[in-house]
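Worksheet: the structure to be examined is printed underneath.
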Amino acid sequence: MSKPGQLADNEVYLGTYFLDRLAQLGVKCLFGVPGDFNLTFLDLVEEHPDVKWIGNTNELNASYAADGYARVKQAQLNQDREGDQADSKPGQAKSGGGKDKTQGGVRGLGALLTTQGVGELSAVNGIAGAYAERVPVIHLVGVASTKLQKSRAVLHHTLGDGLTNVFEQAHSGITCARAFLQKAEDAASEIDRILLAALTTARPAYLTLPTDLVFIPVDKKRLETPIIPDSVAFENKDVLPTGKKVEDETKKRLEFVVKEIERLWEGAEDPIVLLDACAIRYGVGHLARDLVQATKVKFYTTPMGRTAIDEDPENGFGGVYVGEISDPEVKEVVEKSDLVIMVGSLKSDFNTGEFSYPFSQEQVIELHSDSTLVQYAHYPDVSFHMLLPALAKALKPKSNVSQPPKHVGLSTKVPEGDKDEMVTQKAFWPMMGAQLFKEGDIVVTETGTSNFGILGSALPKGTTSVSQVLWGSIGFANPATLGALLAAEESSTPRRTILFTGDGSIQLTIQEVATMVRLGLKPILVILNNNGYTIEKLIHGETASYNNIPSFDWQSMLSFFNAPAPNFKPLPTKSWLAETRGQLEDILTNDEFQKADKIQVLEVRMAPLDAPESLIKQGKLSAELNAA
């Protein structure tokens with residue numbers, strides 16, 4: 001279409017301004033579904049040199065994909081800070097494995113485009129999940145023109161009452177900020193406001209763009225001012241990640257907190273560090289690593305905190321701690337600790353073994369993005385960005401701390417078994433750690449047996465773990481894999497992306513495999529075919545019909561989504577089937593499979609009620625909690 005009017009040299013279209021801001025923040029992919037209220041904006045996306053339109057099969061999948069993209073970008077920024085800090089300016093981190101530098105470098109960001117009403121509501125589940133799990137996603141909604149809104153015209157994709165802001169209200173509890181653009185004067189500043197909010201809170205934000213504002217001119221010079229000032233450094237005790245200067249009172253509070261923790265540290269005989277989700281979400285993995293290395297203590301992770309830093313036993317990794325459902329040896333070592341420094345804790349039921357942490361309040365120090373808790377005392381504004389570097393300098397190294405069990409980390413032992421028997425969960429997950437995973441892999445796991453089975457698997461150096469433990473929406477992992485694949489393409493080094501999902505979960509979002517094929521992406525899609533919702537069966541209804549699912553021919557899935565079209569030539573694919581342990585072992589040692597140079601499906605047949613030990617324990621705890 002022809003664009004209205006001519007731009008002056010100092011002007012840019014509002015739609016382009018938004019895209020330029022995304023590009024500055026390292027966002028190179030825009031997920032979503034076209035609709036008549038966002039089509040004119042999509043013309044600008046097609047022309048943009050840095051932001052690529054992905055196009056999804058539905059809006060829910062698009063929201064999951066944007067979430068997965070943001071998580072992997074977060075992880076890559078963390079890894080860049082670990083390995084490339086000396087080469088970065090203060091407050092900056094390299095995006096995409098060192099290819100470019102983004103404004104502020106706060107954390108990864110995802111972006112989603114839908115149309116009003118029907119489109120945005122289809123994406124709400126994914127946005128809610130990102131909100132719960134602290135993932136910044138910008139949800140841009142194309143809406144009717146301001147003139148039509150003011151006239152209260154009864155439009156399609158509305159409720160037929162002439163109101164157009166009800167869906168913004170629907171987002172009020174699941175986004176950190178909302179902007180309902182109505183006039184040219186403040187449109188650019190409103191875009192900046194919600195982007196800043198998403199980055200600094202690590203949560204989704206919502207923005208509507210009327211059709212008649214897409215091509216309004218705005219001042220191009222605004223783009224020269226970063227959303228996040230480059231002067232912000234994560235370990236800078238004088239500046240908050242928002243760019244706001246730290247007040248003198250907060251500095252005094254910080255000094256006091258350091259002394260309090262130092263006092264407790266000196267009296268502790270066997271302290272540990274426990275890393276959780278927000279250490280990843282707020283980009284402090286490298287600071288937590290510095291603390292562990294300086295103090296010589298062991299660190300453990302929760303399920304949501306996995307790969308916050310490399311899980312190397314040589315550098316102090318002791319295992320995954322999940323309260324009552326932990327590996328017994330890990331549980332024993334962790335729970336004998338007399339002081340636990342929790343970094344970024346998010347204490348949900350599945351992340352804590354149904355709230356089964358045994359630590360007394362006197363044993364616990366919690367470091368968060370906006371506050372610190374030391375025993376019973378709460379210190380607002382003392383964030384882990386400021387506190388972690390100070391503690392790494394103040395706390396003296398500990399000797400003779402308890403050693404974690406030798407079987408955790410990279411030395412996974414695969415239990416023996418008959419090659420002609422069906423694959424068991426007990427053997428499958430150690431086999432993945434010992435025979436499949438490589439340095440730099442991205443491992444995406446679905447709610448159910450995969451999220452629990454991976455707890456005992458070794459994840460090598462540079463691995464990124466993606467899972468939705470808190471929100472737990474089945475079907476999340478498959479579209480999130482699409483986002484992870486696209487984020488991995490922005491890395492300076494090749495990265496394999498491996499999905500683990502159940503036959504029930506993938507049925508909810510299976511269409512997004514078609515997008516992976518269309519884009520020529522090359523994941524390994526591991527489908528655990530155990531004939532139903534095993535996690536639900538273990539909680540309640542072991543033989544109930546409501547936990548049954550349709551039976552799919554997984555070996556035909558890739559050919560179904562790889563049909564020839566006028567502008568598409570079918571791509572190479574490969575499907576593998578493991579009905580026995582011996583067949584799985586042969587596949588895992590096959591060079592073609594390991595190379596991951598095409599999209600592949602690995603279907604593994606398992607018994608319907610076979611499950612990881614941790615999931616069996618969790619099922620019992622969940623059933624007891626539900627009954628109570």
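With the UniProt record's numbering applied, the sequence shown corresponds to residues 1 to 628, in that order. A virtual CB, placed ideally from N, CA and C, is assigned to each residue, including glycine. In this text, all values refer to a predicted model and were calculated from it rather than measured experimentally.
Annotation: the continuous beta strand (DSSP E) that includes residue 272 extends over 271 to 275. Counting along the chain, the unbroken alpha helix (DSSP H) around residue 248 starts and ends at 248 to 267.
With contacts defined by Cβ atoms closer than 8 Å, residue 342 and residue 276 form a contacting pair. In chain order, 17, 218 and 222 place their CB closer than 6 Å to the CB of residue 188, counting only its own chain and leaving out the 5 sequence neighbours on each side. If you look at residue 380, you'll find it isn't in any alpha helix (DSSP H); it sits in the beta strand (DSSP E) that goes 377 to 380. Ranked by how close their Cα comes to the Cα of residue 582, the residues 537, 416 and 338 have 416 in first place. Taking the Cα positions, residue 364 is about 10 Å away from residue 272. Shown here, residue 139 sits in a strand according to DSSP, grouped into three states. In the structure shown, residue 37 falls within a coil segment according to DSSP collapsed to helix, strand and coil.
In this chain, the beta strand (DSSP E) harbouring residue 500 covers 497 to 502. Counted as a single uninterrupted DSSP element, the beta strand (DSSP E) harbouring residue 206 occupies residues 205 to 210. The continuous alpha helix (DSSP H) containing residue 384 extends over residues 384 to 394. Of 366, 314 and 585, the smallest CA-CA separation from residue 430 is found for 585.
Residue 172 and residue 131 have their C-alpha atoms some 11 Å from each other. For residue 482, the closest of 7, 11, 26 and 66 by C-alpha to C-alpha distance is 66. In the DSSP assignment, residue 150 forms no beta bridge with any residue. Runs of the beta strand (DSSP E) spanning 3 or more residues and lying entirely within the region 517 to 574 occur at 524 to 529, in chain order. C-alpha of residue 435 to C-alpha of residue 490: approximately 26 Å in a straight line. In the DSSP assignment, residue 586 falls outside any beta strand (DSSP E) and lies within the alpha helix (DSSP H) extending over 581 to 588.
Boundaries of the beta strand (DSSP E) harbouring residue 371: 371 to 374, taken from the DSSP string. Assignment of residue 305 by DSSP, reduced to helix, strand and coil, places it in the helix class. In the DSSP assignment, residue 18 falls within the alpha helix (DSSP H) that extends over 14 to 24. About 6 Å separates the beta carbon of residue 538 from that of residue 616, a gap short enough to meet the 8 Å contact definition. According to the DSSP assignment, residue 472 belongs to no alpha helix (DSSP H), since it is labelled neither H nor E. By the Cβ neighbour-count rule, residue 496 is buried, with 16 or more other Cβ atoms within 10 Å of its own. Comparing alpha-carbon positions, the option among 389, 203 and 485 lying closest to residue 255 turns out to be 389. If you draw a straight line from the Cα of residue 588 to the Cα of residue 148, it comes to about 59 Å. In chain order, 33, 114, 119, 122 and 123 place their CB closer than 6 Å to the CB of residue 59, counting only its own chain and leaving out the 5 sequence neighbours on each side. Scanning 7, 70, 80 and 126 for the CA closest to the CA of residue 62 turns up 126. Assignment of beta strand (DSSP E) within the region 164 to 198, counting only whole runs of 3 or more residues, yields 177 to 180 in chain order. Residue state for residue 417 is assigned as coil, using DSSP reduced to three classes. Check the Cα spacing between residue 290 and each of 163, 310, 558 and 334: the tightest is with 310.
In the three-state DSSP reduction, residue 606 falls in the coil class, being neither helix nor strand. The three-state reading of DSSP puts residue 341 in strand, counting E and B together.
Close CB contacts of residue 335 within its chain, under the 7 Å cut and outside five residues either way in sequence, are with 358 (chain order).
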